[in-house]
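Residue numbers are given in UniProt numbering: position 82 of the sequence shown equals residue 82, and the series is strictly consecutive.
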Amino acid sequence: MTLRLLPLVVAVGLAGCATEPLELQRDVTYIAEWIGDEPVIGRTAVSLTLSEGRAYGNAGCNHWFASYEQSGQQIRFSNLGSTRKLCPEEIMEQEHAFLDLLNRVERWDVSNIDQLRLWPAEGSALRLWPEQE
């Protein structure tokens, strides 16, 4: 009797190990920690929020906005724009690096520490955390 139940117990146990497919969260603000190989500098958070077909946030000095398309793990941003405030040179350089990387992003994933990563075809990812309230 016990041996007949063993396959059922194993099957139920394995089903509990199945993971849900990863999904990008909408209307959640993510704060960048790394832009490629460089850590974020400055007091203003570099941020990204995804809405239905629309993305926006703060690039460190200016507000930015874009359209995006997502299919599975693929994601592409287009029609990037931003306001035109002038800030200190190092913040402006970081902002340009952020917007350039966003323009080259092709896919996304979530790391084993639950960090959102946006990957260009070549180079290091943009790494972000959900904003803490």
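Quick reminder that beta carbons are idealized off the backbone N, C-alpha and C, glycines included.
Run of the alpha helix (DSSP H) containing residue i, from where it starts to where it stops
i, result
"residue 116", "From DSSP, residue 116 is part of no alpha helix (DSSP H) but of the beta strand (DSSP E) over 116-120."
Length of the line joining the Cα atoms of residue i and residue j
i, j, result
"residue 44", "residue 71", "31 Å"
"residue 100", "residue 73", "20 Å"
"residue 34", "residue 97", "11 Å"
"residue 68", "residue 76", "5 Å"
"residue 21", "residue 27", "At residue 21 the pLDDT is 48, less than 50, meaning the model places this residue with poor confidence; the figure from the coordinates comes in the next sentence. Cα to Cα, residue 21 sits roughly 19 Å from residue 27."
"residue 87", "residue 46", "14 Å"
"residue 63", "residue 114", "26 Å"
"residue 49", "residue 57", "6 Å"
Burial state of residue i (16 or more Cβ within 10 Å)
i, result
"residue 53", "exposed"
"residue 95", "buried"
"residue 110", "exposed"
"residue 127", "buried"
"residue 123", "exposed"
"residue 81", "exposed"
Residue i - DSSP class collapsed to helix/strand/coil
i, result
"residue 100", "helix"
"residue 33", "strand"
"residue 94", "helix"
"residue 57", "strand"
First through last residue of the beta strand (DSSP E) which encompasses residue i
i, result
"residue 137", "Given a span of 1 to 133 for the chain in the structure shown, any question on residue 137 remains unanswerable."
"residue 112", "Element bounds for residue 112: n/a, residue is neither H nor E."
"residue 41", "Where residue 41 is concerned, there is no enclosing beta strand (DSSP E), given that its DSSP letter is neither H nor E."
"residue 74", "74-82"
Per DSSP, the bridge partner or partners of residue i
i, result
"residue 105", "120"
"residue 86", "BP columns for residue 86 are empty, so no partner."
"residue 48", "30"
"residue 24", "DSSP lists no partner for residue 24."
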